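Numbering (our numbering), first residue to last: 202 to 427.
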């Protein structure tokens, strides 16, 4: 039975606003999709601009600088209450985009990888699998994903879940790029290594149009769940 939940929130901050209360300690990754954010945790302060990411597992204070910010926030937790994790504050709009239950039983442990994948217009991610599950969210353009014969299209800030072992074919339309941010929970042995496996041998040596930017690749200790 799945005992861990990976969840994704979209948090919009007006100019120079902040959360009413700090985020509680959790395995957490934040991607700044727009604007600029100020993040305080563990005695340190980080100011992140658009297209950057941040991992922390302690109590975190979050606010927006300048003209505001749009944040994508992933958390790996035990089974939460339905509205748990939605944050509040004057000038803050927060909503949960997606939850996914994960089976995590690898005795060698896990890592949390937060990255961004960018495909140019017409770019194709050939049929592939991954070594772990994760939640993606489109941050720019349009994107199409085909899994087990079912095709879905995504617009900005629409999320989707990939289990890992199910083969996926994905592409951006000819008219615009497809850029998405994601968090995957991977076996710890893949620290610093790719998680992708191409299904068709002919594709393994073909040029790959997608570009990866890794912001976090952190070994984690899973929360203890009842």
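Where a beta carbon is used, it is the ideal one built from N, C-alpha and C, also for glycine.
Treat the numbers as computed from the prediction; the structure is a model and nothing was measured.
Cα-Cα separation, residue i to residue j
{"i": "residue 291", "j": "residue 268", "result": "15 angstroms"}
{"i": "residue 219", "j": "residue 361", "result": "28 angstroms"}
{"i": "residue 257", "j": "residue 244", "result": "12 angstroms"}
{"i": "residue 242", "j": "residue 286", "result": "17 angstroms"}
{"i": "residue 318", "j": "residue 226", "result": "28 angstroms"}
{"i": "residue 372", "j": "residue 406", "result": "18 angstroms"}
{"i": "residue 349", "j": "residue 426", "result": "32 angstroms"}
{"i": "residue 417", "j": "residue 222", "result": "25 angstroms"}
{"i": "residue 331", "j": "residue 311", "result": "14 angstroms"}
Integer-rounded CB distance, given that residue j should sit under 8 angstroms from residue i
{"i": "residue 259", "j": "residue 248", "result": "About 18 angstroms separates the two Cβ atoms, so there is no contact after all."}
{"i": "residue 345", "j": "residue 352", "result": "6 angstroms"}
{"i": "residue 404", "j": "residue 327", "result": "4 angstroms"}
{"i": "residue 232", "j": "residue 382", "result": "4 angstroms"}
{"i": "residue 236", "j": "residue 315", "result": "Rounded, the Cβ-Cβ distance is 18 angstroms, inconsistent with contact."}
Local Cβ density within 10 Å of residue i, reported as buried at 16 or more and exposed below that
{"i": "residue 276", "result": "buried"}
{"i": "residue 385", "result": "buried"}
{"i": "residue 261", "result": "buried"}
{"i": "residue 392", "result": "exposed"}
{"i": "residue 422", "result": "exposed"}
{"i": "residue 338", "result": "buried"}
{"i": "residue 202", "result": "At residue 202 the pLDDT is 42, less than 50, meaning the model places this residue with poor confidence; the figure from the coordinates comes in the next sentence. It counts as exposed."}
{"i": "residue 212", "result": "buried"}
Assigned secondary structure, residue i (DSSP; H/G/I helix, E/B strand, else coil)
{"i": "residue 356", "result": "coil"}
{"i": "residue 348", "result": "strand"}
{"i": "residue 250", "result": "strand"}
{"i": "residue 423", "result": "coil"}
{"i": "residue 266", "result": "strand"}
{"i": "residue 220", "result": "coil"}
{"i": "residue 244", "result": "coil"}
{"i": "residue 365", "result": "coil"}
{"i": "residue 258", "result": "coil"}
{"i": "residue 412", "result": "strand"}
{"i": "residue 212", "result": "strand"}
Any non-hydrogen atom of the ligand MG within 8 angstroms of residue i CB
{"i": "residue 271", "result": "With respect to small molecules bound, the structure shown includes none, and the ligand MG cannot be examined in it."}
(request) Starting from the N-terminal side, write out each stretch of the alpha helix (DSSP H) that is 4 residues or longer and does not extend beyond the stretch 383 to 407. (result) Runs of the alpha helix (DSSP H) lying entirely within the stretch 383 to 407 and spanning at least 4 residues, in chain order: 402 to 405.
(message) So within the stretch 277 to 343, which uninterrupted beta strand (DSSP E) runs reach at least 3 residues, ignoring any that extend past its ends?
(response) Entirely contained in the stretch 277 to 343, the beta strand (DSSP E) runs reaching 3 residues are, in chain order, 293 to 303, 311 to 320, 325 to 331, 334 to 342.
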